[in-house]
Amino acid sequence: MSITNLLTNWSDFRQQHPSAAHPHREYKWAMSIDLDSCTGCNACSVACYAENNLPVVGKEKFAHGHSHHWMRIERYWDNDGREFADQGAQFLPMLCQHCESAPCETVCPVGATNHTADGLNSQVYNRCVGSRYCNANCPYKVRYFNWYNYPTTENVWPEPMNQQLNPDLSVRSKGVMEKCTFCVQRLRASMNDARTQGRLVIDGEVQTACQQVCPTGAITFGNLVDPSAKVGKQWKQQQVDLNIDKQPKDAEEKAAKLRGYRILEELRTYPSVMYLEQLRESAV
Amino acid sequence: MEKDIREDIAWAQINKDVLKSLESPRRLYWVILLIALAMIGVAVGSEIYQYTTGMGVSNKNNSHVWSLYIATFIFWIGMSHSGTLLSAILHLMHADWRKPIYRFAEAMTTFSLMTAGLFVMVHLGRLWQVYYVMPYPNERWVWPNFQSPLVWDMFAIATYLSSSVLFLYVGMIPDLAICRDNIHAGWRKKLYTIMSLGWEGTDRQWRNFRITYLTIACFLIPLAVSVHSIVASDFAMSNMPGWHVTSFPPYFVAGALYSGCAAIITLFIILRYVFRFEEYMTLPIMKKLVRLTFAIAMVWTYLNLIEFASVWYGHDQTAKDQLIFKATGPYAPYFWAMIFFGSILPLMLAFKRFQTHLPILFVVSILLNVGMWLERWMIISPSFAHGHYPWTWDHDQWPSLVQWGIVFGSFGWFTLLFMVFCKVFPSVSMYEVKEMVYHRTLALKHKPAVKGDY
Amino acid sequence: MNYFLRLSVLLVGLVVSAGSYAANTVQPLTTADDLGPKVEQPFEFPHNRHAGNADKGGMEINCMYCHTYARRSMVAGIPPVQKCIGCHQSIESVRETPRIKKLFEYWEAKKAIPWKKVHDLPEFVRFNHERHIQRFVFAQNKPVQEACGYCHGDVKTMTVARRQKPLSMGWCVSCHQKDHPVDATSTKTTHGPNDCWQCHK
Amino acid sequence: MIENSFNRRNFLKVLGWGGATAALSGCGNTSVEDGKEFVTSYVETADYIIPSIGTYFNSTCAQCDAGCGIMGRVREGRVLKLEGNPKASINNGKMCGLGQAGVQAHYNPDRIREPLLRNGDRGEAITWEKALGLINEKVGGVNAENIAFLTGVVSGHDKALLKNYLDALGSGHHYVYEAVAPSVIRAANKKAYGVEMPRLRLDKAKVIVSFGADFLGAWVSPVHFSQQYARFRKPDSGERGVLVQVESKMTLTGANADRWLAIRPGTEGILALGLINALAAAGLSVPGDVAAAVGGYTSERVSKDTGVSAEHIGKLAALLKERSPSLIIAGSAAEGYAHGSQNAAAIALLNQILGNVGQTVEAPSSTPFPQMAPTTGNRLALQSLNDNMAQDKVKVLFSYGTNPVFTAPATMKLKENLKKVPFKVVFAHYMDETAVEADLVLPLNSAMEDWATVIPEYVAEGAQLNIRQPLMEKLYPGTLGLGDILLGLLKYRRPDEYNGFEDFYSYLRNAMVTNKDALGGASKDGDTFWEAALSHGGVKMVGEPVNLSGNVSATTLVVPAPFVEDATYPLHLIPAVSASMRDGRNANEPWLQESPDPLTTIVWDSWVEMHPKTAAKLGIVEGDIVEVASKSGAMKAQAYVFTGIHPDVISVPLGYGHDAMGRYAKGVGANAFKILDPVFDKETGELAMHETRVKVTKAGKRVIIVKDEGPAGGNQMGRKIAVRLTSNKVNLSEEV
């Protein structure tokens, strides 16, 4: 890349506001998670460990906050001083929100985290120098740093456990940041297949590991550009627009409410994950 | 009335006094040098451990990714600002009193920058790939991300470091020539000969020298302001509650000048005592310095209050929560210590009797810097501990000994550099002191002096 | 000493101008051919004999006859020993040559041949053979040897394959930035993907 | 799918393809290297093997007894990941975390790799010939009466072979033991519905009242129930189902309930009868004898006894009356008492009154091969084995698929009694607590290396036979499957019958293909049938539907009054069965240890849950190490305080506290099985798991609990993160 190239194509190398010049043409991967279906069973989290070569750090390192759960289940209580949590818990699967205007992308000194053309927030391990600025700037704190050299010195996968490692993606060594990739290895494989066959990926053809296992089917994942994709229909039905930071429906006073919302939307990160609010029966 | 620099001091005397500081050191010097080396040893050992084992040994974690390294980095960067302030700004303002003290202040600038630069490296998870941050044509065809404040940092620090080295060096050339002429053999002779670049004191040389020095000074002032503004933008440009504050750049610059001035007071007292520079580093100078420090302290306090007020009356509830947490949570003792050392303690400096009381000033100036270091820490850690996302809050994080060791060692590194400098280069500018004396004499001769009529 | 000073000014100027020239050269520095080291293999497989031009004594076998996975998988694959034997058991003329004897030794012992990797990218790079073959050979109708040769060089003239191209990232990107026709007949062009996650995962 | 065994075996071989193995130094070397690495190719290959592309094989999960269909992703001869088999009717392509961790059971570094014979304190590696010969010699030397075979749940051909072996020995006892099982409920169901496990149709119900059944977490077939639950919550009609959970300690299911009712421990039956009374009062037609029998359970009295407010009882009764069909489920919380059977019967009666039987409580199908139908286990089996061992009636003991030394309460003195058995053979994956006591340890194949057929206890539709097949070549040549071992032993006893089978695979294939007509393969030839069965992961069988019969007699139903306070041991201990730990057999799989408990988010340790009120009374704060002492023993663990538990109750998870087994399980937490009191259900004689009374005292130390939740706990601090809405504000039928 020469300086001339850099200067002439400057706008291409800059992070654009999502609603500006570059709409997604073929793909925009997005997710929706129905919190009313999520039971907090942790299956997605384990699937993520299996698919993405996440190290099990052990008790001591977990205690120090060095865990690597790209998909973490948060559990909230809403019992404001009542004697019992008598409406149960609120479970929230939290993963990288693949923001369209990701705070992490602008601050990485080496450009190790980028936005891809299909709307993913990429993390390139081999480019990462470990400044951890991306994590500092991530309001969701879904980026996980390799504080130790898990594969070698920490021996997290003792023989023959290492044979389980997924060869489709790297095992990260110390000093690099990592995070949920929307199972990019699966996406790329199916996109390549589709490309070879001269078409686009069909809805349901590719699943993320968490979506695939979810026993209640709370997670929907797909291409937001594809009008036949379930995820797009959900977003549309819930009137959640990817490119705005304040959904007009939230201001409307209506009897029947829509459940879709995005977390910390007001920070203008334009997340690609929509959550559907949990429901509780009022009759009991 | 305290004694100021004597008008009748002979130029040869000045040379003699200053050059004396370059003579073989006393035993105490070696002792301190060894202590400094030991401190560096601690840091190097810690860094080797951290480098080989992984960043985890510093006891940072996923919700608390930055800690003392960045805090201390800002501290050292900040400290570097006073040298520029004293040399460049006061030079342009023709404040003569800076002349006996600016040399070591400049040296301090350079060395604290060098220390700060190390912290950037120590902080990186993959130090061995640090060259990715630099823009150079490479086989990967990849540039760094020019949007990132860290890349700006890299540029700012590199520019500032090279400029301040140049400024220090250019300003030393006439003095190096004096050294060269007063020493007759040995490595020093060779060193001074080369470094004085053939200075003969001709009119043409003086003229070129003046212009060069003035140009660099003019260049340095905006640079210095921009450097700390850029460092401030590391924080202000992010969206962390507690960081996302518009007033951060001036706040950082003020803090920088503040800690720098305090450090100059400390070093002033040490050098004056160690090298018997009472003749040059006089109390009236100290008085001016102290008043300057007091003024900056108040500016800093004001900007601090502005920050709090804008957060308090702003509509960002998260930032407000964060502020309350800082003042009441587990970091409260450090927060209030920072307020005390940074805003209350300097009120002492307003009293005349303290302005020249060196032992008290020595202690106070060190405490001011402790306060300023705490300020940096209080910017970093509480924000991470209590950010946007309650699930990942971490109120228990405490830096490990590895972090403390490296922070501790950085002071040894700075001391080492400074001590070596003092023994190799004149820490008081001889030619500028001469100028000062000359101007004073002139001023005395023409009683109703007209400004600029030299 | 003034001399020295002036000289250093000159030097700085020189470095700056050379640097900016280098940074701004339109041709990337790294696309020139860069011959890799010779690689010792268990025995020498004569690519020239199998794939070389007929006038030079080669048999012009399609690369994908042996490297059969290239069109449908990330990796091109080294053919199973079975494949070598499939032909060579009926080629009596060379049956007793030392290399073929060695081949049969492996076959009879049912042992895999420990070939060495010649084009060994760093482990975090995932080059996809399938997409390149599909694009250049099947969509654009380029001759197979030409398409493979973009990265593997002129293998048909070699015995043991040897790296000819630099395979550096800039070299990859230089091609990905070019506009390539979509298929053999179309005038429409696209360039290769330029997002990091295409190759680094 | 697979043409012949040669190709298949070749495929399963572990082979490193260049670029195909996971790059361990993913971020190291940055330059191109030539000629440093090997690229190994196959000698022979099949067309379907394409390096770098995964192939999927169907099998059956062995992590718990639910029998979900799994699909192993195999690449370059290694199984990489387990996914759900979309064709399996139980789990429809879905999986739980426990199931997925099966791959870690397979690749576990602590697996036993060859048969070990006791030599003093050490195990000495011996060959299989020697091991089997030794067993044959030992069983030949004792009376068949003195041979005991202790297993977990067995079904399919394993069970048939085991039966044949026991027959060949001239009988011998087969004890089927499950440490955690709904055995009282099974008995009560048998009475109430005529079957042990009726099919529960959560998806058809409009209201579910679950008395402590953790069907989303660890109860019977959680993945299946979770899918039904999703349809229950969001049916096509848009009428969202309402879940009410009644229990003393919140389970995962309780955490998902619309209303979680904290009930005084053991009073579930009273509430059920109170609900019947309230329903009758509200106008539901209730048979006269029932109405008379429950007449005394006024809402005031029930409220006083159970601690559930009258308001909630009223609302619940109204809801049950209004929305039909409903489903009432009795779970482990209801059955775990000395009057567990009565509790379960009362709950079944409620179902009956509401007319749910036949609606949401459906009849299962019987399996056409009763000899392969699952034998479910209970704790009574272990009890009687233990008694026999104590009386020196057991000379040779086989143990397979259970870990009784770990799961038996200390009062049973099982470990001591075990020492009285002269020859103990343990089939094991790890050197667990029981294997450590063994005289001969036989290392088992992992579920990813093994052939077996499985008939789960709870089958979602029809009758089915699931197949477990190897997903890759054995990691260690020295391990064998249960089938192979039994076959080997049978060859000594019945050589004519079994010598014809080279291994268990050929036996199984032969058995299946011979019976293909009954297995739904009448129209296919043997090979096609077999391959279809393998590629589907099992076969559907034609089963006769079992008619629901039986009745709960209200007149004979007596539910005792709630507990009297015990001054020395004031608290009830609820040993919690967590979704990932269960009875502890999977504790050596690190993913499970590191995935946080859903409710407390604690990892890598056990804990004592208590209500803030209880904690305040005892002066305990979170992280205090407390001693939990019952009459039968004591254990120490960290205290966790939260509001999902009744103040009269504390709860400790099971499955932790191994002192053997492997690097990930050993020394993690404390074993709550050990301190259980010997109180039994009066009707069935089962151990009443919830009857243990304890006292809790501070042990003096305080730790920082290792958990995922931060200092904010479950508080969102005013941010809009996880949002909750009342369901009447939403129109679900409009949703996509």
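Chains as they are written, first to last, in this note's numbering: chain E, 58 to 341; chain F, -14 to 439; chain A, -1 to 199; chain B, 9 to 744. Note that the Cβ used here is the ideal one computed from N, Cα and C, for glycine as well.
- Taking the Cα positions, I391 (chain F) is about 53 Å away from C146 (chain A).
- In the assembly as shown, V258 (chain E) is a buried residue. Its beta-carbon has 16 or more other beta-carbons within 10 Å.
- Going by DSSP, F140 (chain F) is part of the alpha helix (DSSP H) stretching over 134 to 167.
- Around the beta carbon of N0 (chain F), 16 or more other beta carbons sit within 10 angstroms, so the residue counts as buried.
- Here S603 (chain B) has G105, S588, V611 as same chain residues with Cβ atoms under 8 Å from its own Cβ, once five neighbours each way along the sequence are excluded.
- In its chain, beyond the 5 residues on either side, no residue has a beta carbon closer than 8 Å to the beta carbon of Q399 (chain B).
- In terms of CA proximity to K102 (chain B), E:G274 leads the group E:W214, E:P166, E:G274, E:G115.
- Interface annotation for the region 152 to 179 of chain A against chain F: P164, S166, M167, G168, W169, V171, S172, criterion Cβ-Cβ distance under 8 Å.
- The Cβ atoms of V263 (chain E) and L244 (chain E) sit closer than 7 Å to each other.
- Residues of the same chain with a CB within less than 6 Å of the CB of F406 (chain B), apart from the 5 flanking positions on each side, are F157, V433 in chain order.
- A residue is called buried when at least 16 other Cβ atoms come within 10 angstroms of its Cβ; S181 (chain F) meets this threshold and is buried.
- Within the same chain, and ignoring the five residues on either side of A251 (chain E) in sequence, the residues whose Cβ sits closer than 8 Å to its Cβ are L257, V258, I259, E262.
- Under the rule that a run must span 3 or more residues, the beta strand (DSSP E) segments found entirely inside the region 293 to 344 of chain B read 334 to 338.
- DSSP places Y64 (chain B) in the strand class (E or B) of the three-state scheme.
- When the beta-carbon positions are compared, A341 (chain B) and E204 (chain B) stay at least 7 Å from each other.
- Nearest to L490 (chain B) by alpha-carbon distance, out of B:P59, B:Y515, B:G546, is B:Y515.
- Listed along chain B, the residues sitting closer than 9 Å to S339 (chain E) by beta-carbon distance are D266, T734, S735, N736, K737.
- Across the region 700 to 724 of chain B, CB contacts with chain E closer than 8 Å involve I712, V714, D716, E717, G721, G722, N723, Q724, in sequence order along the chain.
- Take the alpha-carbon of S293 (chain B) and the one of I653 (chain B): they are about 35 Å apart.
- In this structure, L353 (chain F) and F96 (chain F) do not form a Cβ contact; the two beta carbons are roughly 19 Å apart against a cut-off of 8 Å.
- Leaving aside the five residues that flank A87 (chain E) on each side, the residues in its chain whose CB is nearer than 6 Å to its CB run, in chain order, L281, V288, S329.
- Under the 7 Å criterion on CB atoms, D143 (chain E) is classed as interfacial with respect to chain B.
- Between C165 (chain E) and C195 (chain E), the CB-CB gap reaches or exceeds 7 Å.
- Counting C-beta pairs with one atom in each stretch, the region 402 to 421 of chain F and the region 52 to 61 of chain F have fewer than three that are closer than 8 Å, which means they do not touch.
- If you draw a straight line from the Cα of A468 (chain B) to the Cα of K214 (chain B), it comes to about 19 Å.
- DSSP, read as helix, strand or coil, puts M106 (chain F) in helix.
- When the Cα atoms are used, N224 (chain F) and P375 (chain F) turn out to be separated by approximately 15 Å.
- Taking 8 Å as the cut-off between beta carbons, the residues of the region 362 to 384 of chain F near chain B are H373, Y374, P375, W376, T377, W378, D379, H380, D381, in sequence order.
- A straight line joining the alpha-carbon of K682 (chain B) with that of M397 (chain B) spans about 19 Å.
- When C-beta distances to chain E are compared with 7 Å, the residues of the region 123 to 148 of chain A below that value are N126, E128, R129, Q132, in chain order.
- Contact check for S184 (chain A) against E128 (chain A) fails: the beta carbons are separated by 7 Å or more.
- Separation of W169 (chain A) and H150 (chain A) (C-alpha to C-alpha, rounded to the nearest whole angstrom) is 13 Å.
- If the five residues before and after I270 (chain F) are omitted, its C-beta is found closer than 7 Å to the C-beta atoms of W82, P85, I86, all from its own chain and listed in chain order.
- According to DSSP, residue pairing for Q472 (chain B) in a beta bridge involves B:K548.
- Under the DSSP assignment, W128 (chain F) falls outside any alpha helix (DSSP H); it carries neither an H nor an E label.
- For the options E:G115, E:E117, E:C101, E:Y84, the alpha carbon positioned closest to that of C267 (chain E) is the one of E:C101.
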